[in-house]
Amino acid sequence: MPEDYDVPRLPASEWLSGFEERYLADYVVSGGSVVRFVSGDDAALSSVRSGLERIARDRNYYFRFLDSGIPGPDGKPPQYHTISRLYGAVTECVDWQGWAREQARRVLDDLGIRVPTGCDLGDIETIAAANGADRDTLIKQYTEQARRRVQDYDMTVEFRNAVTSLWADQLHPDTTTPGLGEVLTAWLSGRTMPPGGSSVLKRCQIYGRIGPTNARHYLVSFCEWTRRVGRSGVLLALDFRGYERVDGARTLAADTLAAVKSAIEEGKSTREIEQIVAAMGSESSSVRHSKRAYEQMISLLRRFIDEIDRFPSLALVVMASPGYFGPEAPRVRTYRDYNALQTRIGDEVHDRRRANPDAALVHLKGDLP
């Protein structure tokens, strides 16, 4: 951001403390949702990331940090601008089986069924015998109780079928190949299913995949489900800076040439010019998103702002560099590229000397170790 673009900045620790107190402590836990944009240098944004991770751990949130500047396993830029890929990235680290085991024990507790110490949940015969119950009757009661726990029409039918079947699999594990648990965890995460997975899904009354046309509804379902499994909500931090870099070798070459010409005019030494060229070369290895991907990303963020109330207990924090919110310049991406985004998060009426910690966009300065 140019030096003459003077905006009040808030210490990162102060913003984090206020965000936790006003939103994460109660509002989001009770079903509210919020989107916030923050800008800052590397130190400030690093503080935000570590601070959010700590808050999520302390307050029992499911936390995901997505860095648009780090290539995926295939070496290509991450495609967070596609809602189905974003859903997959958000749910990538979910321990579906672990959460299902937690819920299975809660369902059994609701039924007054005691699980003997050291007994595996899959040993239904031992559990039934310890409680003087019939095995088949216990399975039936468990299945009915599990279905009641997810009888929420804010979640899609197939998502409900998937988690209910996954819970049932804890007491009566599927021994076929591929197993029910393996297929359902792949499907719930939006991953490619193992061979034969489609037939397994049909047994659970699941007939489609999570894709661009329905991923938004499944993300809503996931947010609702995290509350059902005892989490406070979903805390998602997106490092947007990878999308700020202009795509294309020709643009980089032009920038390098301009930098060299400027250095020559300033009378810099040959060594200094070589260092400039080397620095520009290292920048070329950074992840760069195409113009189309960038436009899809800012459109997706705009839609999240408009529809955030549909995602229960979701807190989304978008982190960007200060320059992205500066004035327009040639071959530079800024939030002014998309008027619909600028009008939603641009600086509101504000004090010239004090930053508003509750604004949609807050400029930060680093102050944490």
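Under the working numbering, residue 369 is the last one in the sequence shown; the count climbs by one each step, no gaps.
A virtual CB, placed ideally from N, CA and C, is assigned to each residue, including glycine.
Membership of Ser-39 in the beta strand (DSSP E) is indicated by the continuous run 34-39. With 16 or more neighbouring CB atoms inside 10 Å of its own CB, Pro-312 falls in the buried class. Annotation: Lys-76 is outside any beta strand (DSSP E) and is labelled neither H nor E by DSSP. Residues Arg-85 of the same chain have their beta carbon placed closer than 6 Å to that of Gln-79, with the five preceding and five following residues left out of the count.
Setting aside the 5 residues that flank it on each side, Leu-138 is surrounded in the same chain by Ala-128, each with a C-beta closer than 6 Å to its C-beta; the list follows chain order. For His-172, the three-state secondary structure derived from DSSP is coil. His-363 sits in a strand when the DSSP states are folded into three classes.
The three-state secondary structure of Ala-315, taken from DSSP, is strand. Going by C-alpha positions, Ser-189 is about 24 Å away from Ile-298.
In the structure shown, Asp-239 falls within a strand segment according to DSSP collapsed to helix, strand and coil. Shown here, Arg-333 sits in coil according to DSSP, grouped into three states, outside any helix or strand.
If only complete runs of 4 or more residues are kept, the region 188-240 shows the alpha helix (DSSP H) at 197-203, 215-228, in order along the chain. Following the DSSP letters along the chain, one finds Asp-58 in no beta strand (DSSP E) but inside the alpha helix (DSSP H) bounded by residues 42-58. With 16 or more other Cβ atoms from the protein chains shown falling within 10 Å of its own Cβ, Thr-226 counts as buried.
DSSP, reduced to helix, strand and coil, places Asp-67 within a strand of the structure shown.
In this structure the region 100-108 lies against the region 135-151, because at least three pairs of beta carbons, one per stretch, are closer than 8 Å.
If you ignore the 5 residues before and after Arg-101, its C-beta comes within less than 7 Å of the C-beta of Leu-121, Gln-170, all in its own chain and listed in chain order. Straight-line measurement puts the Cα of Arg-114 at about 56 Å from the Cα of Gln-342. Pro-11 is bridged by DSSP to Lys-365.
Put simply, the backbone Cα of Glu-125 is about 6 Å away from that of Arg-135. With distances taken between CA atoms, Tyr-61 lies nearest to Val-234 out of Arg-331, Val-234, Ser-269. A direct Cα-to-Cα measurement between Leu-257 and Arg-245 gives close to 18 Å. Of the residues Leu-184, Val-35, Val-229, Ala-315, the one whose Cα lies closest to the Cα of Ile-210 is Leu-184. The beta-bridge partner set that DSSP reports for Ala-320 consists of Ser-39.
Taking a 10 Å sphere around the C-beta of Gln-103, we find 16 or more other C-beta atoms and assign the residue as buried.
Assigned with DSSP and collapsed to three states, Tyr-27 falls in coil, not helix or strand.
According to the DSSP secondary-structure assignment, Tyr-142 is paired through a beta bridge with no residue.
Under the three-pair Cβ rule at 8 Å, the region 7-19 does not count as touching the region 328-343. In the DSSP annotation of this structure, the continuous segment of the alpha helix (DSSP H) that includes Phe-304 starts and ends at 291-307. Short of 8 Å from the beta carbon of Ile-308, and not among the five residues preceding or following it, lie these beta carbons of its own chain, in chain order: Ser-33, Val-34, Val-35, Leu-314, Leu-316. Put simply, of Ser-321, Ala-320, Arg-336, Met-319 the residue whose alpha carbon is nearest the alpha carbon of Pro-327 is Arg-336. Exposed is the label assigned to Ala-25, since fewer than 16 other Cβ atoms lie within 10 Å of its Cβ.
Per the C-alpha coordinates, the member of Val-28, Leu-364, Ile-345 positioned closest to Arg-354 is Leu-364. A buried status is given to Pro-77, since no fewer than 16 other beta-carbon atoms sit within 10 Å of its beta-carbon. In the three-state scheme derived from DSSP, where H, G and I count as helix and E and B as strand, Tyr-87 is classed as helix. Distance between Ser-232 and Tyr-218, taken at the CA atoms: about 18 Å.
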